[in-house]
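What follows is a short report on a single structure.
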Amino acid sequence: MTTIAVVEGDGIGHEVIPIARKVLEALHPEFEFFPVDVGYGMWERTGCPCADKEINALKTADAILFGAITTPPMKDYQSVVLRIRKALDLYANLRPVKAEGFDILIVRENTEGLYSGIEESGPDRATTLRVVTRKGSERIVRSAIRLTQRRSGRLTIGHKANVLKSDVLFRDICLHEARVAGVTFNDKYIDALALDLLQHPALYDVVVTTNIFGDILSDVASYLVGGLGLTPSANIGDRYALFEPVHGSAPDIAGRNIANPIAAIRSAAMLLDYLGDRDGASGVEIAIGTVISQGILTPDLGGSAGTREFGKAVIRSLIKNR
Ligand code: NAD
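Count the sequence shown with numbering that gives the first Met the number 0 and you get residues 0 to 321, in order.
Now the structure itself:
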């Protein structure tokens, strides 16, 4: 029995995740789904956005389908997403960005860097410790190398070693591992890389970088494919895996049935791929392409289809082509 934990989270998570779940149900009626409630809404109701009970429930699943969580900028509010990534040691965040003419996979270190959680905040000074370790760097670059080898491609290492000592360690470990593995590779300063990726996306294949750089780079790269409504992600560790859209809870459009569910549906396709159903994953991608080619588009892509209508059209196409 395959079990899937479903975290809708906050905001548009309540709209896009039920659709991604229906896509999985259409292909795998035998999957067993169970909800896990975490996030800002949970905090408002109970005073705790995510307790050990929820972490333990997530650990029982074969895979986790995750929406997005609102993180209010309050001093005493700990990011739930960061807590889950650390508790489940989901160290590799894979963020594919692909369209006609390019196929980029951003591999972001997901457990340390500037999101170490080691912070101090006073009235006149606040600090966040940027932590880069040998263990963290080795395991993320080794994941990126395995993916590069599988795609017969090239590895680009993104860093800021000209300014940050922590990135000298990251860069040197990545360069060493890439040389030992014998993959084709280069390295670039992250600021120059962000511009070049937009100008020459076809030159890139797998890009490995540290936590915050990967977070920003993948939002920037979403521009290449039409925005945040389209880009999925996988958070993979040695024992657990969580699949979520790159976007957040989008409070500005929540509850209006206008959010694009493609990123969430593609995250479900990555979940299928992780569980070994490659045909199912590619079938989902084909169904999305079919629906787009029929001119059924949500407002972010210039159309007038609602979130639910787009979702229903994808499921219709999936079932028709099975
Ligand atoms: P966001 O990604 O939620 O939204 C940025 C912009 O993109 C907004 O204008 C939004 O309307 C648009 N957008 C996002 N997803 C869309 C979709 N599916 N369809 C159409 N338009 C879409 O980022 P934000 O506004 O900076 O953050 C909102 C909240 O989400 C914050 O509390 C933030 O902390 C949180 N957040 C959570 C995650 C996560 O849970 N993994 C990731 C990023 C942001």
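Every residue gets a Cβ at the ideal spot worked out from N, C-alpha and C, and that includes glycine. These figures come from a predicted structure and were not determined experimentally.
| query | Y188 by DSSP, collapsed to three states: which one? | reply | Within the sequence shown, numbered from 1, the residue matching residue 188 stands at position 189. Note: Y188 maps to strand in three-state DSSP.
| Taking the alpha carbon of E29 as the point to measure from, which residue in L87, S292, G294, T1 has its own alpha carbon closest? | As a first step, residue 29 must be located in the sequence shown, where it is residue number 30. Nearest of L87, S292, G294, T1 to E29, Cα basis: T1.
| request: Label I285 either buried or exposed according to how many other C-beta atoms from any shown protein chain fall within 10 Å of its C-beta, with 16 as the threshold for buried. | output: As a position in the sequence shown, residue 285 is number 286, starting the count at 1. Classification of I285: exposed, given that the 10 Å Cβ count is below 16.
| Any non-hydrogen atom of ligand 1 closer than 7 Å to T208 Cβ | Residue mapping note: residue 208 aligns to position 209 of the sequence shown, counting from 1. No; taking the cut-off as 7 Å, the Cβ of T208 has no heavy atom of ligand 1 nearer than that.
| task | Under 8 Å by Cβ, that's how I've got L87 and L241 pegged, so tell me the actual separation to the nearest angstrom. | result | For the purposes of this step, residue 87 is identified with residue 88 of the sequence shown, where counting begins at 1. For the purposes of this step, residue 241 is identified with residue 242 of the sequence shown, where counting begins at 1. Between L241 and L87 the Cβ distance is about 7 Å, and since that is below 8 Å, they are a contact.
| field | Reference G38, options V5, D51, V80, closest by Cα | value | Here residue 38 corresponds to residue number 39 of the sequence shown, with the count starting at 1. Ranking V5, D51, V80 by Cα distance to G38 puts V80 first.
| Residue environment, C47, which counts as buried when at least 16 other CB atoms sit within 10 Å | In the sequence shown, residue 47 corresponds to position 48, counting from 1. Exposed is the call here.
| query | Got a sec: does ligand 3 put a non-hydrogen atom nearer than 7 Å to the Cβ of S136? | reply | Of the ligands this structure carries, namely ligand 1, none is ligand 3.
| message | Taking 8 Å as the cut-off, does the stretch 81-100 touch the stretch 16-33 (at least 3 CB pairs, one atom from each stretch)? | response | no
| said: Taking 7 Å as the cut-off, is the C-beta of T1 nearer than that to any heavy atom in ligand 1? | reply: In the sequence shown, the residue the question calls residue 1 occupies position 2. No, the beta carbon of T1 sits no closer than 7 Å to any heavy atom of ligand 1.
| request: Look at the Cβ atom of V245, then the Cβ atom of I287, and state whether they are nearer than 8 Å. | output: Indexing the sequence shown from 1 puts residue 245 at position 246. Indexing the sequence shown from 1 puts residue 287 at position 288. Contact annotation: V245 and I287 have beta-carbon atoms that are not nearer than 8 Å.
| Which term fits G254, buried or exposed, when burial requires 16 or more other beta carbons within 10 angstroms of its beta carbon? | Sequence index remark: in the sequence shown, residue 254 carries index 255 (1-based). Classification for G254: exposed.
| Own chain, CB closer than 8 Å to K134, minus 5 neighbours either side, in chain order | Along the sequence shown, read from residue 1 onward, the residue named residue 134 stands at position 135. So no residue of the chain qualifies.
| request: Since I believe I156 is in contact with V207 (beta carbons under 8 Å), could you give me their beta-carbon distance rounded to a whole number of angstroms? | output: Numbered from its first residue, the sequence shown carries residue 207 at position 208. Numbered from its first residue, the sequence shown carries residue 156 at position 157. The pair is a contact, with the Cβ atoms about 6 Å apart (cut-off 8 Å).
| field | N- and C-terminal bounds of the alpha helix (DSSP H) containing K21 | value | As a working note, residue 21 is residue 22 in the sequence shown. It spans 12-26 - the alpha helix (DSSP H) in which K21 sits, taken as one unbroken run.
| query | Based on the DSSP secondary-structure assignment, which residues constitute the bridge partners of I325? | reply | Lying outside 0 to 321, the shown extent of the chain, residue 325 is not represented and no answer is given.
| What residues in its chain sit with their C-beta under 7 Å from that of E137, if we drop five residues either side in the sequence? | One-based indexing of the sequence shown puts residue 137 at position 138. The beta carbon of E137 sits closer than 7 Å to those of I172, E176, all from its chain and outside the five residues before and after it, given in chain order.
| task | Please report the Cβ distance between V96 and V224, rounded to the nearest whole angstrom; I am assuming they are in contact, meaning their Cβ atoms lie under 8 Å. | result | The residue labelled residue 96 in the question sits at position 97 within the sequence shown. The residue labelled residue 224 in the question sits at position 225 within the sequence shown. Rounded, the Cβ-Cβ distance is 6 Å, consistent with contact.
| said: On the DSSP letters alone, give me the boundaries of the alpha helix (DSSP H) that G157 sits inside. | reply: Residue numbering aside, residue 157 sits at position 158 when the sequence shown is read from its first letter. Looking at the DSSP string, G157 is not in any alpha helix (DSSP H); the run it does join, the beta strand (DSSP E), is 153-158.
| query | Does the Cβ of S165 have 16 or more other Cβ atoms within 10 Å, making it buried, or fewer, making it exposed? | reply | Locating residue 165 in the sequence shown gives position 166, counting from the first residue. Classification of S165: buried, given that the 10 Å Cβ count is 16 or more.
| said: Please tell me whether H158 and T126 are closer than 8 Å, where the distance is taken between their beta carbons. | reply: Numbered from its first residue, the sequence shown carries residue 158 at position 159. Numbered from its first residue, the sequence shown carries residue 126 at position 127. No; because the gap between Cβ atoms is not below 8 Å, this pair is not in contact.
| message | Give me the pocket residues for ligand 1, defined as CB within less than 5 Å of any heavy atom, sorted by chain position. | response | A67, I68, T69, T70, V80, L227, G228, H246, G247, S248, A249, D251, I252, A258, N259, D299
| Strand pairing of P95, partner residues [DSSP] | In the sequence shown, counting from the first residue as 1, residue 95 sits at position 96. Answer is L104.
| field | Three-way DSSP call (helix, strand, coil) for A351 in this model | value | A question about residue 351 goes unanswered here, because the residues of the chain that appear run from 0 up to 321.
| Reduced DSSP category for E308 - H, G, I as helix; E, B as strand; rest coil | In the sequence shown, counting from the first residue as 1, residue 308 sits at position 309. Reduced to three states, the DSSP call for E308 is helix.
| query | Taking just the CA atoms, how far does D204 sit from R149? | reply | Counting from 1 along the sequence shown, the entry for residue 149 is found at position 150. Counting from 1 along the sequence shown, the entry for residue 204 is found at position 205. Distance between the alpha carbons of R149 and D204: 11 Å.
| Opening and closing residue of the alpha helix (DSSP H) in which A258 lies | Stepping through the sequence shown from its first residue, residue 258 is reached at position 259. Where A258 is concerned, there is no enclosing alpha helix (DSSP H), given that its DSSP letter is neither H nor E.
| request: Starting from A249, follow the beta strand (DSSP E) in both directions and report where the run begins and ends. | output: Residue mapping note: residue 249 aligns to position 250 of the sequence shown, counting from 1. A249 -> no beta strand (DSSP E), and no H or E assigned at all.
| task | Mind reading off the beta-carbon distance from P298 to I257? Whole number of angstroms is fine, and I expect it under 8 Å. | result | In the sequence shown, residue 298 corresponds to position 299, counting from 1. In the sequence shown, residue 257 corresponds to position 258, counting from 1. Indeed they touch by this definition, with Cβ atoms about 5 Å apart.
| query | Near A67, which residues of its chain fall below 6 Å by C-beta distance, leaving aside the five closest residues on each side in sequence? | reply | The sequence position of residue 67 within the sequence shown is 68, counting from 1. Closer than 6 Å at Cβ, skipping near neighbours: G8, G12, G247, S248.
| request: State the beta-bridge partners of P231 as determined by DSSP. | output: Against the sequence shown, residue 231 aligns to sequence position 232. P244.
| query | Based on the DSSP output, what are the partners of E118 in its beta bridges? | reply | If you number the sequence shown from 1, residue 118 lands on position 119. BP columns for E118 point to T127.
| request: Using the Cα positions of I105 and S217, report the straight-line distance between them to the nearest angstrom. | output: Along the sequence shown, read from residue 1 onward, the residue named residue 105 stands at position 106. Along the sequence shown, read from residue 1 onward, the residue named residue 217 stands at position 218. Each residue's Cα considered, the two are about 7 Å apart.
| field | Cβ separation of P200 and I103, assumed to be a contact under 8 Å, to the nearest whole Å | value | To locate residue 200, count along the sequence shown from 1; it is residue 201. To locate residue 103, count along the sequence shown from 1; it is residue 104. About 6 Å separates the two Cβ atoms, so the contact holds.
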